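Trainee: Here it is: the structure, laid out below.
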Amino acid sequence: MEITSTVLKLRSDPLLLGDYNAYRALCSRRISKLRRNLYGKSTSRSRKYVAKSAVTTQDIADNSKYAHLLVYSAERAWAFAMYMKSDSGASGLSGPTRSHIITRFNKAYRYASQLLLLLQDPESTATQNDVLEARAYADSIAGAVAFEKKQWEKALKHLSTAKIIYLALSNVARGDTFKDILSSNIDPSVRYSSYQLRLPRNQDIDTTSRQHFPQDDEKLLGAIRELDASVLEEPEEAQVTTGSSTKPTAIRSITWRTRTAPVEDADVAIALGSVVNAEKNLESYLNEHATDSGRTRADHFDEILAAWQDTTDVIKKTIDDALNEGSSAGDERIQTLQIIYTYVNYNLISWRIRRNSIMATGVWDDKKEKEGAGATAGFKEEVALWDAILQDLDQATELPGVAADEEFGNELELKRQYYLALKCSAIAASHANIGNRLNALALYHRASESIASAVSLSSQLQADPNDPFSVPVAKLTLLATELKANVQRYHALAEMDRLTEQSAALAQKMAFKRPLIENLGAYPEAGLDFTNLIAFPPKVNAVPVKPIFFDIAWNFIEYPGLEKEAAPITRAPEATTPMEVDNARKEEPAPKRGWFGWGRFNMNKTFKIRPTEDNEMALPRRL
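Going by UniProt numbering, the first residue of the sequence shown is number 1, and it counts up by one from there.
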């Protein structure tokens, strides 16, 4: 029949927005559509109400949709009641409104009871699980009716019956269908009814439901035992099969910073018990596999971290519920829960730090076997892990009650300085790996200062040998010694690098500096450099000479190898033949000059050479 899954599918979308009226309209549309499919379209044109025929056992045997019709009708009445209840707001419910709400719940219960009676009939061909689902559904609505009437004992009885049935069904069925309906409706109502009846707070919901389950209904008890008999047994009476993990034992109190806080809430006690089991499993594994790599051991921390995280969520929810019930932050119960909350969060942070430390050790082991890019990636991963630890420690300082505890604050500061030194050391090693020794020296010096602060704080604190997360003084001293040695080593290496750079710079400077003999025209203000007087051995350099001015006749220049080709020049000493004068040039008017006899000289008309009879080329003459 799938009664529970049908209800969850109906409630999923409208109730996600908290709109019960939309859910009611959805149920009405489903009922109308289903009636048309089952009974056919009405042929009557009259608008008068026509009573529908009642659903029978034979109808359900023929078609399971008849059972869904009853479920939709019950859900519509339930949605109407919840809509009126939520619509009242903070003003409270008046008498007529509360009466109307109870009437709607009763109508929903009538439909659910009718469905249960029909399914219990053998002619309906319903399975045992279908009958149990119908019984749980009917009891959940009956519990809502008693809850609205403030009949807490009766409400707890009906709700406990529904919870035990859903627990038994969830253990044999796949999926989270039954767990979802438990967490959405049943569990909050059981918890509030227990609160109104003043039941012990250290009693969990499952135990409360077992105690208020009707033991006189033999038929129901037999059906549940056929599914899962363990849901009716107390945890101490449950038989544990060979090879399976034991059920968690409820923790009654915790001790945190010399303060003992009782654990009164059952959910918190069970969650802390599961954490204890997870810690035992992890410690036994770490002791047996101490020689494994850091990465392999770190992978087994998931269980303990998940257990602590679940416990944190349970405590946070318990505190919120207590505040919503009207408790103030100064109440003793809230103060106790705050102590437990700080204790659980600190342990969660400490286990994360321990996991990251083991992973960083594994990265260091892998890094020693690699070179180049592989080693660089290892340095980055190690630094990221140390940085995550520092962030966790900063988160621990913000926990409730830590700021008022000076000694605990000093312990956190000691751990922060210790892991800061490890982080700086890892960064320094990465710089040293690429040959940057000066940066490595600065980072090692910073790490040495951090570990010195941690050692100073350790002398003021009293070591707790039972604390697995404390940093031993021997480990601090060993790291301080290693960092001091690295500081001295890289100080020497950095000094050697500095001297080498100075020698290279001086040699380069001397190679390009002019000797004194070539710079005699400048006064040496800084003093004479007697190591650079002359350039020895001398080098071949260009010699400056006076350039040839080509203002003479080209024919007077004798080139090597052209003596035989040129004709000998003969001159007549008696008389010289004057150069012929260009008459046309002579007739030209004299150029205009300036006031003082110069200027306005045309440089384009300067020389003109004409050959003579005696020689091939005569000297040029100014015209």
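For every residue, glycine included, the Cβ atom is placed at its ideal position computed from N, Cα and C.
All values reported here derive from a predicted model rather than from experimental measurement.
(1) If you follow the beta strand (DSSP E) that A136 is in, where does it begin and where does it stop?
(2) So what's S5 in DSSP terms, helix, strand or just coil?
(3) Have a look at D19 and I205 and give me their C-alpha separation to the nearest angstrom.
(4) What is the rounded straight-line gap between the Cα of residue 624 and the Cα of R135?
(5) Taking the CB atoms as reference points, tell me whether A77 and R98 lie closer together than 9 angstroms.
(6) Looking only at DSSP bridge pairs, what is V254 linked to?
(7) On the three-state DSSP scale, how would you describe P524?
(8) Considering only residues of the same chain and omitting the five flanking positions on each side of S425, which have a CB-CB separation below 6 angstroms?
(9) How would you call V487, buried or exposed, if buried means at least 16 neighbouring beta carbons within 10 angstroms?
(10) Where D313 and I181 are concerned, what is the direct C-alpha to C-alpha distance, given to the nearest angstrom?
(11) Under 8 angstroms by Cβ, that's how I've got I358 and R297 pegged, so tell me the actual separation to the nearest angstrom.
(12) According to DSSP, is L499 helix, strand or coil?
(13) Taking 9 angstroms as the threshold (C-beta atoms), are E133 and I102 in contact?
(14) Less than 9 angstroms separating the beta-carbons of R437 and I339?
(15) Do you know how far the Cα of P188 is from the Cα of F213?
(16) Would you kindly check if the distance between the Cβ of L34 and the Cβ of L10 is under 9 angstroms?
(17) Check this for me: beta carbons of T342 and P262, under 9 angstroms apart or not?
(18) Does the pairing of the stretch 376-396 with the stretch 346-355 give three or more beta-carbon distances under 8 angstroms?
(19) What separation, rounded to the nearest whole angstrom, lies between the Cα atoms of T161 and L390?
(20) Assign G330 to one of two classes, buried (16 or more other C-beta atoms within 10 Å of its C-beta) or exposed (fewer than that).
(21) Do V172 and L227 have their C-beta atoms closer together than 9 angstroms?
(22) Going by the beta-carbon positions, is the gap between A79 and S113 smaller than 9 angstroms?
(23) Would Y83 and N21 qualify as a contact pair, given that the criterion is a beta-carbon distance under 9 angstroms?
(24) Would you kindly work out how many angstroms separate the C-alpha atoms of F536 and D529, rounded to a whole number?
(25) CB M1 to CB L119, shorter than 9 angstroms?
(26) Using only CA atoms, which one of Q196, N129, G362 lies nearest to F147?
(27) What separation, rounded to the nearest whole angstrom, lies between the Cα atoms of L385 and A505?
(28) When you compare each of E283, R24, L478 to A454 by their alpha carbons, which one comes out closest?
(29) Would you tell me roughly how many angstroms separate the C-alpha atoms of residue 630 and T125, rounded to the nearest one?
(30) With G95 as the anchor, note down where its alpha helix (DSSP H) starts and where it stops.
(31) Ignore the nearest five residues each way along the sequence and tell me which others in S458's own chain have a CB closer than 7 angstroms to its CB.
(32) Does the distance from the C-beta atom of A81 to that of E123 stay below 9 angstroms?
(33) Keeping to the same chain, check which residues put their C-beta closer than 6 angstroms to that of residue 664; ignore five residues upstream and five downstream.
(34) Can you list, in chain order, the residues of its chain whose CB lies under 8 angstroms from that of N106, leaving out five sequence neighbours each side?
Mentor: In terms of the structure at hand:
(1) Walking along the sequence shown from the start, residue 136 turns up at place 136. From DSSP, A136 is part of no beta strand (DSSP E) but of the alpha helix (DSSP H) over 128-148.
(2) Here the question's residue 5 lines up with position 5 in the sequence shown. In the structure shown, S5 sits in a helix (DSSP, three-state: H, G or I).
(3) Walking along the sequence shown from the start, residue 19 turns up at place 19. Walking along the sequence shown from the start, residue 205 turns up at place 205. Near 29 angstroms, if we compare the C-alpha coordinates of I205 and D19.
(4) Absent from the model: residue 624. The displayed extent of the chain is 1 to 623, so no value can be given.
(5) On the sequence shown, residue 77 is found 77 positions in, with the first residue counted as 1. On the sequence shown, residue 98 is found 98 positions in, with the first residue counted as 1. No. Outside cutoff.
(6) One-based indexing of the sequence shown puts residue 254 at position 254. The identity of residue 254 in the sequence shown is Ile, whereas the question assumes Val. In DSSP, I254 forms a bridge with A261.
(7) In the sequence shown, counting from the first residue as 1, residue 524 sits at position 524. Coil, per DSSP.
(8) In the sequence shown, counting from the first residue as 1, residue 425 sits at position 425. A447.
(9) If you number the sequence shown from 1, residue 487 lands on position 487. Buried, since its Cβ has 16 or more Cβ neighbours within 10 Å.
(10) Counted from its first residue, the sequence shown places residue 313 at position 313. Counted from its first residue, the sequence shown places residue 181 at position 181. Distance between the alpha carbons of D313 and I181 is about 20 angstroms.
(11) Residue mapping note: residue 358 aligns to position 358 of the sequence shown, counting from 1. Residue mapping note: residue 297 aligns to position 297 of the sequence shown, counting from 1. So it is a contact: roughly 5 angstroms between Cβ atoms.
(12) For the purposes of this step, residue 499 is taken as residue 499 along the sequence shown, with counting starting at 1. In the structure shown, L499 sits in a helix (DSSP, three-state: H, G or I).
(13) As a first step, residue 102 must be located in the sequence shown, where it is residue number 102. As a first step, residue 133 must be located in the sequence shown, where it is residue number 133. Between I102 and E133, the CB-CB gap reaches or exceeds 9 angstroms.
(14) Taking the sequence shown and counting its residues from 1, the one referred to as residue 437 is at position 437. Taking the sequence shown and counting its residues from 1, the one referred to as residue 339 is at position 339. No.
(15) One-based indexing of the sequence shown puts residue 213 at position 213. One-based indexing of the sequence shown puts residue 188 at position 188. Approximately 17 angstroms between the Cα atoms of the pair.
(16) As a working note, residue 10 is residue 10 in the sequence shown. As a working note, residue 34 is residue 34 in the sequence shown. No, Cβ-Cβ distance for L10 and L34 is not below 9 angstroms.
(17) In the sequence shown, residue 342 corresponds to position 342, counting from 1. In the sequence shown, residue 262 corresponds to position 262, counting from 1. Not in contact: T342 and P262 (Cβ atoms no closer than 9 angstroms).
(18) Enough Cβ pairs lie closer than 8 angstroms, so yes.
(19) Position 161 of the sequence shown, counted from the first residue, corresponds to residue 161. Position 390 of the sequence shown, counted from the first residue, corresponds to residue 390. Their backbone Cα atoms lie some 50 angstroms apart in a straight line.
(20) In the sequence shown, the residue the question calls residue 330 occupies position 330. By the neighbour-count rule (16 or more Cβ atoms within 10 Å), G330 is not buried but exposed.
(21) As a working mapping, residue 172 is identified with position 172 in the sequence shown. As a working mapping, residue 227 is identified with position 227 in the sequence shown. Against a cut-off of 9 angstroms, the Cβ pair of L227 and V172 comes out as a contact.
(22) Taking the sequence shown and counting its residues from 1, one reaches residue 79 at position 79. Taking the sequence shown and counting its residues from 1, one reaches residue 113 at position 113. In this structure, S113 does not lie closer than 9 angstroms to A79 by Cβ.
(23) Sequence index remark: in the sequence shown, residue 83 carries index 83 (1-based). Sequence index remark: in the sequence shown, residue 21 carries index 21 (1-based). Yes, the Cβ-Cβ distance between Y83 and N21 is below 9 angstroms.
(24) Taking the first residue of the sequence shown as 1, we reach residue 536 at position 536. Taking the first residue of the sequence shown as 1, we reach residue 529 at position 529. Rounded to the nearest angstrom, the two C-alpha atoms are 15 angstroms apart.
(25) Numbered from its first residue, the sequence shown carries residue 1 at position 1. Numbered from its first residue, the sequence shown carries residue 119 at position 119. L119 is positioned such that its CB atom lies closer than 9 angstroms to that of M1.
(26) Along the sequence shown, one-based indexing puts residue 147 at 147. Ranking Q196, N129, G362 by CA distance to the CA of F147 puts Q196 first.
(27) To locate residue 385, count along the sequence shown from 1; it is residue 385. To locate residue 505, count along the sequence shown from 1; it is residue 505. Rounded to whole angstroms, L385 to A505 spans 41 angstroms at the Cα level.
(28) One-based indexing of the sequence shown puts residue 454 at position 454. With distances taken between Cα atoms, A454 lies closest to L478.
(29) A question about residue 630 goes unanswered here, because the residues of the chain that appear run from 1 up to 623.
(30) Stepping through the sequence shown from its first residue, residue 95 is reached at position 95. Taken as a continuous stretch (DSSP letters only), the alpha helix (DSSP H) holding G95 covers 95-120.
(31) On the sequence shown, position 458 is the one that residue 458 refers to. Excluding sequence neighbours, S458 sits near L414, V473, L476.
(32) By 1-based counting over the sequence shown, the position of residue 81 is 81. By 1-based counting over the sequence shown, the position of residue 123 is 123. Contact check for A81 against E123 fails: the beta carbons are separated by 9 angstroms or more.
(33) Nothing about residue 664 can be read from this structure; the chain reaches only from 1 to 623.
(34) Taking the sequence shown and counting its residues from 1, one reaches residue 106 at position 106. Answer for N106: V145, listed in chain order.
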